[in-house]
Amino acid sequence: MSRMLRPLLFVLQFAVVGLAAAFVIGKFWPNAGPNLRARLAGDVRPASAVAQAPPAPRASGPVSYAEAVARAAPAVVNIYADKIVTERPYRVFPDPLMQRLFGGPVGPALKRREQSLGSGVIFTSDGYVLTNNHVIAGADDIQVMLHDGRVAHAHVVGTDNDTDLAVLKVDAGSLPTIQVASGPPQVGDVVLAIGNPFGIGQTVTMGIVSALGRQLSLSPYEDFIQTDAAINSGNSGGALVNANGQLVGINTAMLEHDTGAQGIGFAIPVRTAKMVLEQIVEHGSVTRGWLGADVAGVTVAADSGLPAAARGATVTDVYPGGPAARAGLEPGDVLLKMDQKPIIDPADLRTREAEMKPGTRVEIFGLRDGEPFRTDVVLAKRPGLKPVGRG
Numbered sequence: 159m160s161r162m163l164r165p166l167l168f169v170l171q172f173a174v175v176g177l178a179a180a181f182v183i184g185k186f187w188p189n190a191g192p193n194l195r196a197r198l199a200g201d202v203r204p205a206s207a208v209a210q211a212p213p214a215p216r217a218s219g220p221v222s223y224a225e226a227v228a229r230a231a232p233a234v235v236n237i238y239a240d241k242i243v244t245e246r247p248y249r250v251f252p253d254p255l256m257q258r259l260f261g262g263p264v265g266p267a268l269k270r271r272e273q274s275l276g277s278g279v280i281f282t283s284d285g286y287v288l289t290n291n292h293v294i295a296g297a298d299d300i301q302v303m304l305h306d307g308r309v310a311h312a313h314v315v316g317t318d319n320d321t322d323l324a325v326l327k328v329d330a331g332s333l334p335t336i337q338v339a340s341g342p343p344q345v346g347d348v349v350l351a352i353g354n355p356f357g358i359g360q361t362v363t364m365g366i367v368s369a370l371g372r373q374l375s376l377s378p379y380e381d382f383i384q385t386d387a388a389i390n391s392g393n394s395g396g397a398l399v400n401a402n403g404q405l406v407g408i409n410t411a412m413l414e415h416d417t418g419a420q421g422i423g424f425a426i427p428v429r430t431a432k433m434v435l436e437q438i439v440e441h442g443s444v445t446r447g448w449l450g451a452d453v454a455g456v457t458v459a460a461d462s463g464l465p466a467a468a469r470g471a472t473v474t475d476v477y478p479g480g481p482a483a484r485a486g487l488e489p490g491d492v493l494l495k496m497d498q499k500p501i502i503d504p505a506d507l508r509t510r511e512a513e514m515k516p517g518t519r520v521e522i523f524g525l526r527d528g529e530p531f532r533t534d535v536v537l538a539k540r541p542g543l544k545p546v547g548r549g
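Residue numbers for the sequence shown, in this note's numbering: 159 to 549.
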């Protein structure tokens, strides 16, 4: 019997010794076991370093944009433009014959005051304010309400129908100014729209830049920033700022809600707005270079020899006696480069010609019937265009 118990006692002795050793090691060297497992797994770092490694940082935005608003809002003003509208009352009959015999104006013309609401942005401390032209068009009296509650009279310095911008001058002291962003925004950037929607007072809405370079056929020069920050009637002329409170655009248009659109608003890039402001302040108007041709996108045919993603602009019409006509450009010509720089699309061409002074000589490279050609065009001053109506 004793022979059978000896092996069992031998095993029990080693088990007791092992438990005792494990207790001592765990008491005085608690990381010995995890370190050993980490080494066996090929990780030479101490287990404490593995366990305490901080999680990878994740990009996160601010929980509040109050600082950005505080930086930009004082330079955004409410604009109240009054004009006198003259109307004559008309007698209307449902029957066409009666209307022809007895219809028409009745009595003297009546005058009434009509007020339009909008917003503006103070660019300089001496009172130059930028807004939309359609906000103040035809106004007889323009009042500006400042962020601190003061109300000041404003007069029109100049307007630019091509971009729907206008410059006002406000005579008031201690005016805050907007800070202009150093570069253009990117799609996905957070933006804030600040303005006076429906005349209820200064309001801030938030969204992102939805797209860049949008064109709505509202004016000849369009390079709109599209945003889903809420823009309503009265926001026109107000500021679109980035998350740092820096101006990136002038709010100008929206798609009407009756079209089913939601969150589709548009702003004029600050680069365009600043150029218009500087020219109007310096010269009283905006002078642009003009090629003298209408252009459209490049249509790529299978046998055209052009790549599928061809860039450039196709001449659709040439104005008689204009710069393009004198340079020999013809409808159907595909313009590829201006002064060795590729033409991206018709909007790019219009923007670049507009930024040049009249009298500037530019070198044009293109294709005519698939054959390359080159010509020099001397830009002229762009003729005035009729104002473009907006809602």
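The beta carbon of each residue, even a glycine, is placed where N, CA and C say it ideally should be.
How is Val550 classed by DSSP in three states: helix, strand or coil?
This structure gives no information on residue 550, because the portion of the chain shown stretches from 159 to 549.
Taking the alpha carbon of Val234 as the reference point, which residue from Arg258, Asp253, Gln273 and Leu304 has its own alpha carbon closest?
Leu304
Please report the residue range of the alpha helix (DSSP H) in which His441 lies.
Val428 to His441
Which value, in whole angstroms, describes the spacing of the CA atoms of Ala339 and Val428?
8 Å
Determine, using beta-carbon pairs with one atom in the region 342 to 349 and one in the region 280 to 289, whether at least three such pairs fall under 8 Å.
no
Assess, as a yes-or-no matter, whether the region 310 to 327 is touched by the region 351 to 363 under the definition of 3 or more beta carbon pairs within less than 8 Å.
no
Leu507 and Gly447 closer than 8 Å at C-beta
no
Please determine, among Val476, Asp298 and Val434, the residue with the shortest C-alpha to C-alpha distance to Val453.
Val476
From Glu521, Ala451 and Thr518, pick the residue whose C-alpha is nearest to that of Ala505; which is it?
Ala451
In the structure shown, what three-state DSSP assignment does Ala211 receive?
Any reading at Ala211 must be qualified, since the residue scores a pLDDT of 49, below 50, and its modelled position is unreliable; the value itself is stated next. If DSSP states are grouped into helix, strand and coil, Ala211 belongs with coil.
Beta-carbon contacts of Ile280 that lie in its chain and below 7 Å, excluding the five residues immediately before and after
Ala233, Val235, Val287, Leu333, Pro334, Thr335 and Ile336
At a threshold of 7 Å, does Thr361 count as lining the ligand ZN (C-beta to nearest heavy atom)?
Judged by which ligands are present, the structure shown has none, so any question about the ligand ZN falls away.
Which residues bound the alpha helix (DSSP H) around Glu225?
Ala224 to Ala230
Extent of the continuous beta strand (DSSP E) to which Pro504 belongs:
Counting along the chain, Pro504 falls outside any beta strand (DSSP E), though it belongs to the alpha helix (DSSP H) covering Pro504 to Glu513.
For Thr363, is the classification buried or exposed, using 16 other Cβ atoms within 10 angstroms of its Cβ as the cut-off for buried?
buried
Cross-strand partners of Tyr286 (DSSP beta bridge):
Lys327
Given a cut-off of 8 Å on the beta-carbon distance, is the pair Asp503 and Gly455 in contact?
yes
Run through DSSP, which three-state label would Ile280 get?
strand
Please say whether Leu494 and Gly392 have beta carbons closer to each other than 8 Å?
no
Segments assigned beta strand (DSSP E), at least 3 residues, entirely inside the region 299 to 364:
299 to 303, 309 to 318, 323 to 328 and 348 to 353
Which two residues bound the contiguous beta strand (DSSP E) that contains Ala297?
First-last for Ala297: undefined, no H or E at that position.
Please report how far the alpha carbon of Ala295 lies from the alpha carbon of Phe531, in whole angstroms.
45 Å
Inter-residue Cα distance where the pair is Glu529 and Thr361
56 Å
Per DSSP, what kind of secondary structure is Pro204 in: helix, strand or coil?
Residue placement at Pro204 is poorly supported in this model, since its pLDDT is 48, which falls under 50; the coordinates still yield a value, given next. Residue state, collapsed to three classes: coil.
Counting C-beta neighbours from all protein chains within 10 Å, is the total for Gln404 16 or more, i.e. buried, or is it exposed?
buried
Would you kindly report the start and end of the unbroken alpha helix (DSSP H) that includes Arg484?
Pro481 to Arg484
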